[in-house]
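S.K.:
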Amino acid sequence: MAMFLCSLTMLFLFWLSMAPAQGESITAPGTGVGSLMPEDLTWTGPGKGAIDSVPLGNGDVGINVWLEANGDVVFYLSKTDAWSEWCRLLKLGRVRLRLDPLPEGWPAATTTRLRVSQGVVILTAGEGDGQTAVRLWVDANHPVVRVEVASPRPVSCRAELEIWRTEPRELRGQELHSTYGFMGSPQPVVVRPDHVISDVNEGIAWFHRNETSIYPDNLKSQGLETLLESGHDPLLHRTFGGLIRGEGFDKVDDLHLASSQPRATHHLQVHALTAQTETVEEWRGQLREQIEKVGQVDHQQAWLAHAAWWKSFWERSWVRMEGDEDAQTITQGYALHRYMVACAGRGRQPLRFNGSIFNVDVKLSQAGQKEENFDADYRRWGGPYWFQNTRLMYWAMLTDGDYELMPPLFAMYRDMLPLAEERTRLYFGHGGAFFPETLYFWGTYSEGNYGFDRAGRHVSEVENTYIRHYHVGALELVTMMLDYHEHTGGRDFLERTLLPVASAVMRFYDGHYRRDERGKLLIHPASSLETWHEATNPTPDIAGLEVVATRLLALKPSLGSQEDRACWRRLLDDLPPLTWEQHDGNTTLAPAGKYDDLKNSENPELYAVFPFTKFGLGSDRLQDMRDTFERRRFKGNMGWRQDEIHAAYLGLSDEAATRLGQRFKEHFPEARFPAFWGPNFDWLPDHDHGSSGMIALQRMLLQTDGNKLRLLPAWPAKWNVSFKLHAPQQTTVELDYRHGRITRLVVTPASRLADVLLPDGMQTEQSR
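The opening residue of the sequence shown carries number 868 in the numbering used here; numbering runs sequentially from there.
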């Protein structure tokens, strides 16, 4: 025990000495603006509750930590795959820590510091040798939360598990929205209780286990019951929970641990596990093995490896700006949103747009609803994935070079491909695959969207008209996959994921729509996104088909079967033209050939700019598209809206800059953490809001056009900037821009320097 305490004390001295003070950071090589590492965030005193929490995570396990007025340090524990029997993504629980006696100045004078550069939260009170510190970090390389206490004098430490799912409880009213798809369900939605394990002596252990599952009825209701024979139920017996333990801690009861005696240092571990097992005992066995494996890692070495992961992450890419208050706000917002995405983006399932794993209990008035208290399991739109919302988080990863965060999205669609192909055959009698705009992570529609009352409906008829004929998300997915392949290379992804998904999607379009009297594809019945519910030849689909078919055909002839390549060529040859309209003497792109029944607030015509970049800088229709942008029906810069992205692609630097500055100021006013955007259209934190802003900033700095690298294509002269961003062909671009001149430019590999396009009149002082 003495050796352990000595080691822990030395570790505290080590990390306190190596950690930079607020504002200090490692300067990016040669940069003239800002620094490589984001600055710390600090707050003084206790928070108001979970809404004032600070997010931490290792990509799969996450916590929201805050300090309460009574001096307790509290955090929610979450995991990216903690899906309940209703496909709700639940919290694992809440942990409460208390020191006795409370240090001097605690909590009123306590400083909470988020060291973004290292993924750690440190709470301190006192000065110099009299300082007490509590440090929390979610190990970047292991599924464990580490809590460390260092005090100048011995203190006792107590840990408590708090769970709120203690009895069966039926969800009613607005709370049903967190099980989106089951509002109006003929069966009640009941939250099942968690279980605390009493016969664990080394700590507090608990779990939630799905003894039922919506999966079988979900497949049966949608005509897919034949898949039950060979399919694996992804929810049944899914078990998630954890164990809290600490060297020198004794179990007081099933929910409490306490240090055996006052000490100057304490170390607690909170282990988290999700697994599908036949029995609870099997899950407990896996948890024991996980704890044993983590215990074999030296604590100091774990911290060094954790810090090294975050250092590598921040060195991979950066954007640092200066010039005015907006420049500072955007710089901070960009870094903090990227940080949150990294904290939750390495799990088995893709990121959640509606809160990620950092949603908390909140009191809020919904539109048209009375003010309600929502617990930490609540999120608008529940558990299904919307591709339209999910995609924005992943587009931003490409340019940052955060490729390791992207496979969960691609794997989800690849794994559901057999179901999607069988559904297409059963519903429509032809080949290929379509993916619903809103779907559970195994591939089916959410129940409410498909429709509970099937009387008189064909198996293929979806009740929800917003997504009934919405198929274009699959084309955007393939476009993103093509970009990912161009960025990273690698034949395995191309052959196992990209080509199977792309070929199935293109076969669907080829087989699903007939040709008109001119031999052109007639995309009808259709919708233009969720906005125009009755459309013919929607612009996003036509632009998407052209972009995808052209890029697939540009792959080596050996890639793709002869049948597939013939399909791609046929679709490209048979595409109908886009529809242009005249307004006040200007030519603008229409959202579809024909369109009616306006229901949402997107601008489908601008999807030919992004995500399907058919028109932009260098296009002979640039002015037409600028007029289209100016005349767009819906304007805004919150949530999933994309005005700044489209403005950047069209070279409208002032428009993009103004709206981007506004966007990154719009965090939830009650929250301390300045990147808790929302709730907007989604929930809190709204990951679409930050991700859309990230994409816009990236496109203001760097755009690709074939092999060309357009630098600063929509950059306002008022801002200085330093950045490192990624491009296709495993390329990185590092650039410093100051007072109208590029003072440093490094393109790697150097051969790509020949592909650089600079704005007219722009000069560089250094390049290589």
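Cβ coordinates follow ideal geometry from the N, Cα and C atoms, glycine included.
Just how far apart, CA to CA, sit Ile858 and Val1227?
M.R.: The shown model of the chain, from 868 to 1635, leaves out residue 858, and the question about it has no answer.
S.K.: Hey, out of Pro1055, Cys1434 and Leu1517, whose CA is closest to Arg1036's CA?
M.R.: For the purposes of this step, residue 1036 is taken as the residue at position 169 of the sequence shown. The residue with the shortest Cα to Cα distance from Arg1036 is Pro1055.
S.K.: Rounding to the nearest angstrom, what Cα-Cα distance links Asp1269 and Val932 in this structure?
M.R.: Within the sequence shown, the letter at position 402 stands for residue 1269. Within the sequence shown, the letter at position 65 stands for residue 932. Taking the straight line joining both Cα atoms gives about 25 Å.
S.K.: Roughly how many angstroms lie between the CA atoms of Ala1393 and Ile1334, to the nearest whole one?
M.R.: Translated into the one-based positions of the sequence shown, residue 1393 becomes position 526. Translated into the one-based positions of the sequence shown, residue 1334 becomes position 467. Spanning the two alpha carbons is a distance of roughly 10 Å.
S.K.: Beta-carbon within less than 8 Å of Asp996's beta-carbon, same chain only, minus the 5 sequence neighbours each way: which residues are those?
M.R.: Translated into positions along the sequence shown, residue 996 becomes position 129. Closer than 8 Å at the Cβ level, and outside the excluded window around Asp996, lie Pro1019.
S.K.: Hey, out of Thr1106, Pro1021, Leu923 and Asp1377, whose CA is closest to Thr1079's CA?
M.R.: As a working mapping, residue 1079 is identified with position 212 in the sequence shown. Taking only the C-alpha atoms, the option nearest Thr1079 is Thr1106.
S.K.: Which of the three DSSP states is assigned to Pro1616 in this structure?
M.R.: On the sequence shown, residue 1616 is found 749 positions in, with the first residue counted as 1. In the structure shown, Pro1616 sits in coil (DSSP, three-state: anything other than H, G, I, E or B).
S.K.: Starting from the C-beta of Met1273, find all residues in its chain whose C-beta is less than 7 Å away, skip the five residues before and the five after it, and write them out in chain order.
M.R.: Looking up residue 1273 in the sequence shown gives position 406. Tyr1261, Met1264 and Tyr1351, listed in sequence order.
S.K.: Under DSSP, the alpha helix (DSSP H) around Cys954 begins and ends at which residues?
M.R.: Locating residue 954 in the sequence shown gives position 87, where the first residue counts as 1. Unbroken run through Cys954: none, as it is neither H nor E.
S.K.: Mapping the DSSP letters down to three states, classify Trp1435 as helix, strand or coil.
M.R.: In the sequence shown, the residue the question calls residue 1435 occupies position 568. Of the three classes helix, strand and coil, the one that applies to Trp1435 here is helix, per DSSP.
S.K.: Who are the Cβ neighbours of Leu1527 in its own chain at under 7 Å, not counting the five residues just before and after it?
M.R.: If you number the sequence shown from 1, residue 1527 lands on position 660. The residues are Ile1197, Glu1511, Gly1560, Ala1563 and Leu1564.
S.K.: Using the rule of at least 16 other Cβ atoms within 10 Å of the residue's Cβ for burial, across every protein chain shown, is Ala1125 buried or exposed?
M.R.: Here the question's residue 1125 lines up with position 258 in the sequence shown. Buried, by the Cβ-count rule.
S.K.: By DSSP, does Leu1422 sit in helix, in strand, or in coil?
M.R.: Sequence index remark: in the sequence shown, residue 1422 carries index 555 (1-based). Looking at Leu1422 - three-state DSSP - the assignment turns out to be coil, as it is neither helix nor strand.
S.K.: The beta strand (DSSP E) spanning Arg1500 covers which residue range?
M.R.: If you number the sequence shown from 1, residue 1500 lands on position 633. No beta strand (DSSP E) holds Arg1500; DSSP gives it neither H nor E.
S.K.: Consult DSSP for Pro922 and reduce its assignment to one of helix, strand or coil.
M.R.: Residue 922 sits at position 55 when you count from the first residue of the sequence shown. Pro922 falls in the strand class under three-state DSSP.
S.K.: Below 8 Å, can you find three or more Cβ-Cβ pairs linking the region 959 to 975 to the region 1044 to 1059?
M.R.: At 8 Å Cβ cutoff, the stretches do not touch.
S.K.: Are Val1186 and Leu1568 closer than 8 Å when you measure CB to CB?
M.R.: Position 319 of the sequence shown holds residue 1186. Position 701 of the sequence shown holds residue 1568. Going by C-beta atoms, Val1186 is nearer than 8 Å to Leu1568.
S.K.: I'd like to check one pair, Ala936 with Pro968: are the Cβ atoms closer than 8 Å?
M.R.: Numbered from 1 along the sequence shown, position 101 holds the residue referred to as residue 968. Numbered from 1 along the sequence shown, position 69 holds the residue referred to as residue 936. Taking 8 Å as the Cβ cut-off, Pro968 and Ala936 do not qualify as a contacting pair.
S.K.: Could you tell me the alpha carbon to alpha carbon distance between Gln1089 and Leu1095, rounded to whole angstroms?
M.R.: Here residue 1089 corresponds to residue number 222 of the sequence shown, with the count starting at 1. Here residue 1095 corresponds to residue number 228 of the sequence shown, with the count starting at 1. Roughly 12 Å separates the two Cα atoms.
S.K.: Mark Asn1587 as exposed unless 16 or more other C-beta atoms lie within 10 angstroms of its C-beta, in which case mark it buried.
M.R.: Residue 1587 sits at position 720 when you count from the first residue of the sequence shown. Classification for Asn1587: buried.
S.K.: Just list the residues that DSSP pairs His1133 with in beta bridges.
M.R.: The residue given as residue 1133 occupies position 266 in the sequence shown. Under DSSP, His1133 takes part in a beta bridge, and its partners are Val1016.
S.K.: Going straight from the alpha carbon of Ala949 to that of Ser1486, what length do you get?
M.R.: Mapped onto the sequence shown, residue 949 falls at position 82. Mapped onto the sequence shown, residue 1486 falls at position 619. Taking the straight line joining both Cα atoms gives about 47 Å.
S.K.: Report yes if the C-beta of Asn925 is less than 7 Å from at least one heavy atom of the ligand ZN; otherwise report no.
M.R.: No copy of the ligand ZN occurs in the structure displayed, which carries no ligand at all.
S.K.: Have a look at the DSSP bridge pairing and note the partners of Asn1226.
M.R.: In the sequence shown, counting from the first residue as 1, residue 1226 sits at position 359. Asn1226 is not bridged to any residue.
S.K.: Taking only three categories from DSSP, how would you classify Met1373?
M.R.: The residue labelled residue 1373 in the question sits at position 506 within the sequence shown. Here Met1373 sits in helix by DSSP.
S.K.: With Leu1122 and Glu1027 assumed to form a contact (beta carbons below 8 Å), what rounded beta-carbon distance in angstroms separates them?
M.R.: In the sequence shown, the residue the question calls residue 1122 occupies position 255. In the sequence shown, the residue the question calls residue 1027 occupies position 160. Rounded, the Cβ-Cβ distance is 6 Å, consistent with contact.
S.K.: Measuring CB to CB, does Ala1675 end up less than 8 Å from Leu1388?
M.R.: A question about residue 1675 goes unanswered here, because the residues of the chain that appear run from 868 up to 1635.
S.K.: Can you give me the C-alpha to C-alpha distance between His1204 and His1534, rounded to a whole angstrom?
M.R.: The residue you call residue 1204 lines up with position 337 of the sequence shown. The residue you call residue 1534 lines up with position 667 of the sequence shown. If you take the alpha carbons of His1204 and His1534, they lie about 11 Å apart.
S.K.: Could you give the C-beta distance for Gln1570 and Leu1445, rounded to a whole number, given that I count them as a contact under 8 Å?
M.R.: Taking the sequence shown and counting its residues from 1, one reaches residue 1570 at position 703. Taking the sequence shown and counting its residues from 1, one reaches residue 1445 at position 578. The Cβ separation is near 21 Å, so there is no contact.
S.K.: Cutting at 7 Å between CB atoms, please list the residues of its own chain near Arg1608, excluding the five before and the five after it.
M.R.: Numbered from its first residue, the sequence shown carries residue 1608 at position 741. Result list for Arg1608: Gln1630 and Glu1632, in chain order.
S.K.: Is the beta carbon of Ala1514 sitting closer than 8 Å to the one on Gly1200?
M.R.: Along the sequence shown, read from residue 1 onward, the residue named residue 1514 stands at position 647. Along the sequence shown, read from residue 1 onward, the residue named residue 1200 stands at position 333. For Ala1514 and Gly1200, no; Cβs fall outside 8 Å.
S.K.: Out of Gln1596, Gln1143, Ser951 and Trp1507, state which residue places its alpha-carbon closest to the alpha-carbon of Arg1619.
M.R.: Here residue 1619 refers to the residue found at position 752 of the sequence shown. Of the candidates Gln1596, Gln1143, Ser951 and Trp1507, the one whose C-alpha sits nearest the C-alpha of Arg1619 is Gln1596.
S.K.: Between which two residues does the beta strand (DSSP E) containing Gln1570 stretch?
M.R.: Indexing the sequence shown from 1 puts residue 1570 at position 703. Its beta strand (DSSP E) spans residues Leu1569 to Asp1572.
S.K.: Counting pairs of beta carbons, one from the region 1374 to 1384 and one from the region 1310 to 1328, are three or more of them closer than 8 Å?
M.R.: Using a C-beta cut-off of 8 Å, the region 1374 to 1384 makes no contact with the region 1310 to 1328, since fewer than three inter-stretch Cβ pairs fall below that distance.
S.K.: Just tell me which of Thr978, His1450, Pro922 and Thr1525 has its CA closest to the CA of Thr911.
M.R.: Numbered from its first residue, the sequence shown carries residue 911 at position 44. The shortest Cα separation from Thr911 among Thr978, His1450, Pro922 and Thr1525 belongs to Thr978.
S.K.: List in chain order: all unbroken beta strand (DSSP E) runs of 3+ residues lying wholly within the region 955 to 997.
M.R.: 956 to 967, 978 to 982 and 987 to 992
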